[in-house]
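Trainee:
There are 2 protein chains.
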Amino acid sequence: MTVSRPPRLDAHARLRALTSDITDLILDRGLLPGDAMPTEQELMAELGVGRNTLREAIKVLQALGVVEIRHGFGMFVAEENLVALSDSLTFRGQMSLRHKGHEANELVDVRQALEAGLVGTAMSAITEQHLAELESIVVDMEQLAADGHSFVDADRNFHRILFEPLNNQLLSNLLGVFWDVYRTIHQSIDAKDSTRAHLAETAHSHRELFEAVKSGDKPLASSLLACHFDGIRGQLADFNASVD
Amino acid sequence: MTVSRPPRLDAHARLRALTSDITDLILDRGLLPGDAMPTEQELMAELGVGRNTLREAIKVLQALGVVEIRHGFGMFVAEENLVALSDSLTFRGQMSLRHKGHEANELVDVRQALEAGLVGTAMSAITEQHLAELESIVVDMEQLAADGHSFVDADRNFHRILFEPLNNQLLSNLLGVFWDVYRTIHQSIDAKDSTRAHLAETAHSHRELFEAVKSGDKPLASSLLACHFDGIRGQLADFNASVD
DNA sequence: CAGCATAGGACGTCCTACGTCCGACTTTCC
DNA sequence: GGAAAGTCGGACGTAGGACGTCCTATGCTG
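Chain order of the listed sequences is A and B.
Per this note's numbering, the first sequence starts with residue 1203, numbered consecutively.
Per this note's numbering, the second sequence starts with residue 1203, numbered consecutively.
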């Protein structure tokens, strides 16, 4: 069904219309994540565009996490993810670091607002199993810190499990993205946080936070989280000062 | 055994490497938002790839909000924006609505957490000018409601200005995206919110919120916001019930 | 000096051709 | 007969050329 598109649209709008047509096709056909999509040839015929144009639109959807492409096999509706946000924020964060670092601070602020603001609600829904997992992670952290090893994964898992009780996929993804972006930025400023003293301090602050969560002291947990982020802000400030 | 240097990467990794090369080029050259980038021909020569491959990578960066393309003129580093997140979330939200609506609820939850959690901080930094703007918007809303007109823009502006005092671009963008996505979802469920009674109710709730902000009553403002989102959740629930 | 007309550069779209990868089918060999 | 190896076709990946469209800048004209 060769649809005749209004020929007079600027290029950006046209590409946008094309991606929109493809997502509409997914929605109209009721395709679910994991389902196969039409091939390039079928889409070309159906949408009335050339292969290059179509592929550019598809690549956009791939970058946005809408579709997943398997070379030599086909195209599929992707599982939920926030690759797009992650990639976008990572670039912005790195860019700002080389100039003002303002955006990196904003990211930390938003993380703090979300985590400190929601830890209370999360604690209301937390289960014994979550607490057990958190404690296990804290113990691992303390051990790794004592051995002088860093524990990036443990840190990430601690925060992930802390908010898992809320059962909000979007929130979990957002926090995960913020954590990853911060991590990337942090690596690029090459902060000296691998000293044994700093490791022990980080492990200890997680221990304190865990105890607060376990005892159900929501205000304390919230303020401990806020304090944790203040420390991060301090590191960023130090870096910016060292650049000037 | 594991090869130390995989001579070939899969297609996805190659595209990712290419986009990464381009962003690195931006960062290395210290390009700022608005600055001109090399032309397609120059990038082709510099990165050693064909035009199609390059253009696909560029379209990805455009969708991610990294670069901005002006037909017939050139390519430029884009201003900060969260188009990527917006597009991605809009699709996910629409998709979920046609099935369970779970993700739409999650979006409202995150909005509520951010707005209700941060309104207090924002109020601490609010100025007389912000208050004047807010009041002006509320007056407009009340007038529009009395005339039976909807006031989507006014609603959006109210929330935007409410959090402007925090001076956090990322937060403002996030809230804006959430608002837009919710708006898109809302339109697609065709809720009957344009009745005069509903309009008056919405205008009134904004009036109440404004008064709370003006008087500096942070707990009241926070709970009014929470209440506002409870209403939205109710609409989503009604829609899902009507589908079953 | 202002306005229009033209020329050039740069992106947009389409086409053809070939390379690469994957899954499925067929063949071959125990 | 069954399993391993080889083969085939489909689908995506990459390259390059050709032409269209759009924007800016230049220079001409009144």
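A virtual CB, placed ideally from N, CA and C, is assigned to each residue, including glycine.
None of these values were measured; they are calculated from a predicted model.
Answer yes or no: do B:Ala1347 and B:Ala1402 have a C-beta to C-beta separation smaller than 8 Å?
Mentor: For B:Ala1347 and B:Ala1402, yes; Cβs fall inside 8 Å.
Trainee: Would B:Asn1370 and A:Asp1311 qualify as a contact pair, given that the criterion is a beta-carbon distance under 8 Å?
Mentor: Cβ distance < 8 Å, so B:Asn1370 and A:Asp1311 count as in contact.
Trainee: Identify which residue in B:Arg1385, B:Arg1294 and B:Asp1212 has its Cα closest to the Cα of B:Gln1437.
Mentor: B:Gln1437 has its Cα closest to that of B:Arg1385, out of B:Arg1385, B:Arg1294 and B:Asp1212.
Trainee: Going by the CB atoms, is the gap between B:Leu1291 and B:Val1379 shorter than 8 Å?
Mentor: Contact flag set, yes.
Trainee: What residues are listed by DSSP as bridge partners for A:Arg1272?
Mentor: DSSP output for A:Arg1272 lists A:Gly1276 as bridge partner(s).
Trainee: Assuming A:Leu1427 and A:Val1340 make a contact with CB atoms under 8 Å, what is their CB distance in whole Å?
Mentor: At roughly 15 Å, the Cβ-Cβ gap does not stay under 8 Å, so A:Leu1427 and A:Val1340 are not in contact.
Trainee: Using beta-carbon positions only, say whether B:Val1262 and B:Thr1221 come within less than 8 Å of one another.
Mentor: In contact: B:Val1262 and B:Thr1221 (Cβ atoms closer than 8 Å).
Trainee: Does the distance from the C-beta atom of A:Ala1439 to that of A:Ile1387 stay below 8 Å?
Mentor: The answer is no: Cβ separation not under 8 Å.
Trainee: For a test of the three-state rule: what should DSSP assign to B:Ala1405, helix, strand or coil?
Mentor: Helix.
Trainee: Scan the segment 1303–1320 of chain A for residues whose Cβ lies nearer than 9 Å to a Cβ of chain B and list them as they occur along the chain.
Mentor: Within the segment 1303–1320 of chain A, the residues whose Cβ lies closer than 9 Å to some Cβ of chain B are His1304, Glu1305, Asn1307, Glu1308, Leu1309, Asp1311, Val1312, Ala1315, Leu1316, Ala1318, Gly1319 and Leu1320, listed in chain order.
Trainee: Using a Cβ-Cβ distance under 8 Å, would A:Pro1208 count as near chain B?
Mentor: Low confidence applies to A:Pro1208: its pLDDT is 39, below 50, so where it sits in the model is not reliable, and the reading given next is rough at best. By this cut-off, A:Pro1208 is not an interface position.
Trainee: Output yes if chain B places a C-beta closer than 8 Å to the C-beta of A:His1388; else output no.
Mentor: A:His1388 does not count as touching chain B.
Trainee: Our contact map puts B:Leu1229 next to A:Met1297 with C-beta atoms below 8 Å; I'd like the distance itself, whole angstroms only.
Mentor: Sure, about 6 Å apart at Cβ, within 8 Å.
Trainee: From the beta carbon of B:Met1325, is the nearest beta carbon of chain A less than 8 Å away?
Mentor: B:Met1325 does not count as touching chain A.
Trainee: I believe B:Ala1399 touches B:Leu1411 by the beta-carbon criterion, under 8 Å. Please report the beta-carbon distance rounded to the nearest angstrom.
Mentor: Going by Cβ atoms, the distance from B:Ala1399 to B:Leu1411 rounds to 19 Å, so no, they are not a contact pair.
Trainee: With distances taken from CA atoms, which of B:Ser1407, B:Gly1350, B:Ser1352 and B:Glu1317 is nearest B:Ile1363?
Mentor: When only C-alpha atoms are compared, the closest one is B:Glu1317.
Trainee: Is it buried or exposed, B:Thr1329, if we count other Cβ atoms within 10 angstroms and call 16 or more buried?
Mentor: With fewer than 16 Cβ atoms within 10 Å of its Cβ, B:Thr1329 is classed as exposed.
Trainee: If we cut at 8 Å on Cβ distances, does A:Arg1300 have a partner in chain B?
Mentor: Chain B contact via Cβ: present.
Trainee: Relative to the ligand HEM, is the shortest distance from any of its heavy atoms to the C-beta of B:Asp1382 smaller than 7 Å?
Mentor: This structure lacks the ligand HEM, and indeed carries no ligand of any kind.
Trainee: Measuring straight from C-alpha to C-alpha, what distance separates A:Thr1204 and A:Val1251?
Mentor: Note that A:Thr1204 scores 32 on pLDDT, short of 50, meaning its location in the model is unreliable; the coordinates nonetheless yield the value given after this. Looking at the two C-alpha atoms, the distance is approximately 9 Å.
Trainee: B:Leu1284 to B:Leu1372, Cα distance in whole Å?
Mentor: In a straight line, the C-alpha of B:Leu1284 is about 9 Å away from that of B:Leu1372.
Trainee: Can you tell me whether A:Ala1238 is helix, strand or coil according to DSSP?
Mentor: A:Ala1238 falls in the strand class under three-state DSSP.
Trainee: Nearest chain B C-beta to A:Val1340 closer than 8 Å, yes or no?
Mentor: So no, A:Val1340 is outside the interface.
Trainee: How about A:Leu1245: is its C-beta nearer than 8 Å to some C-beta of chain B?
Mentor: No, its Cβ sits nowhere closer than 8 Å to a Cβ of chain B.
Trainee: Ends of the alpha helix (DSSP H) at A:His1388?
Mentor: Note, A:His1388: alpha helix (DSSP H), Gln1371 to Ser1390.
Trainee: Note down, in chain order, each residue of its chain lying with its Cβ closer than 7 Å to the Cβ of B:His1408, except the 5 sequence neighbours on either side.
Mentor: So the qualifying residues of the chain are Val1340, Met1343 and Phe1360.
Trainee: Report the rounded CA-to-CA distance for B:Ala1213 versus B:Gln1243, giving the unit in angstroms.
Mentor: Going from the Cα of B:Ala1213 to the Cα of B:Gln1243 covers about 22 Å.
Trainee: Consider the Cβ of A:Asp1432: report whether some Cβ of chain B lies at a distance smaller than 8 Å.
Mentor: Cβ-Cβ to chain B under 8 Å: no for A:Asp1432.
Trainee: Closest to A:Val1269 by C-alpha separation, out of B:Ile1271, B:Phe1293, B:Leu1309 and B:Gln1345, would be which residue?
Mentor: The shortest Cα separation from A:Val1269 among B:Ile1271, B:Phe1293, B:Leu1309 and B:Gln1345 belongs to B:Phe1293.
Trainee: Under DSSP, the alpha helix (DSSP H) around A:Ser1338 begins and ends at which residues?
Mentor: Start and end: Glu1330 to Ala1348.
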